[in-house]
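Position in the sequence shown counted from 1, then plus 10, gives you this note's numbering. Using N, Cα and C, we set each Cβ at its ideal position, and we do this for glycine too. Below you'll find the structure, written out as structure tokens, and then a few comments.
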Amino acid sequence: MFGLKELTVLVLRDADDIAQALREALEGAGEAERPGLEAALRIAERAAAVPDRELRGRWVREQRASVGYKGPDDESVRAVKALRDARPELSLLSAVQLTKDAVR
11 MFGLKELTVL
21 VLRDADDIAQ
31 ALREALEGAG
41 EAERPGLEAA
51 LRIAERAAAV
61 PDRELRGRWV
71 REQRASVGYK
81 GPDDESVRAV
91 KALRDARPEL
101 SLLSAVQLTK
111 DAVR
């Protein structure tokens with residue numbers, strides 16, 4: 011449809027690739043390096059396990075905070091407006107859906 015601003019927010023993840031690189035590094039690591047690599051691997055695995063919806067919600071909260079929004083983390087008109095103020099390229103439909111994702 012003409013005039014519709016639609017934006018799909020794509021969650022980019024590289025935690026899986028980082029975790030794989032850490033596993034490979036662990037294979038050849040000396041005893042002094044192992045504890046640090048193992049700790050880093052646990053962190054990367056936790057990051058990889060975070061659902062996309064939660065990541066989108068975090069992004070929404072960051073965007074709203076960038077325009078000074080201090081309201082509740084809800085689906086209110088003010089919350090949607092704050093997101094659209096931060097990201098005017100978002101359509102109303104996208105902003106509403108993303109705001110829903112931000113509700114914990």
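{"Query": "Rounded C-alpha distance that separates Leu102 from Thr109", "Result": "10 Å"}
{"Query": "As assigned by DSSP and simplified to three states, the class of Glu85", "Result": "coil"}
{"Query": "Per-residue burial, Asp111 [other beta carbons within 10 Å of its own, 16 or more giving buried]", "Result": "buried"}
{"Query": "With 16 other Cβ atoms within 10 Å as the buried cut-off, status of Arg74", "Result": "buried"}
{"Query": "CA-to-CA distance, Pro98 to Val106, given in whole angstroms", "Result": "13 Å"}
{"Query": "Val77, buried or exposed, once every other Cβ within 10 Å from all chains shown has been counted against 16", "Result": "exposed"}
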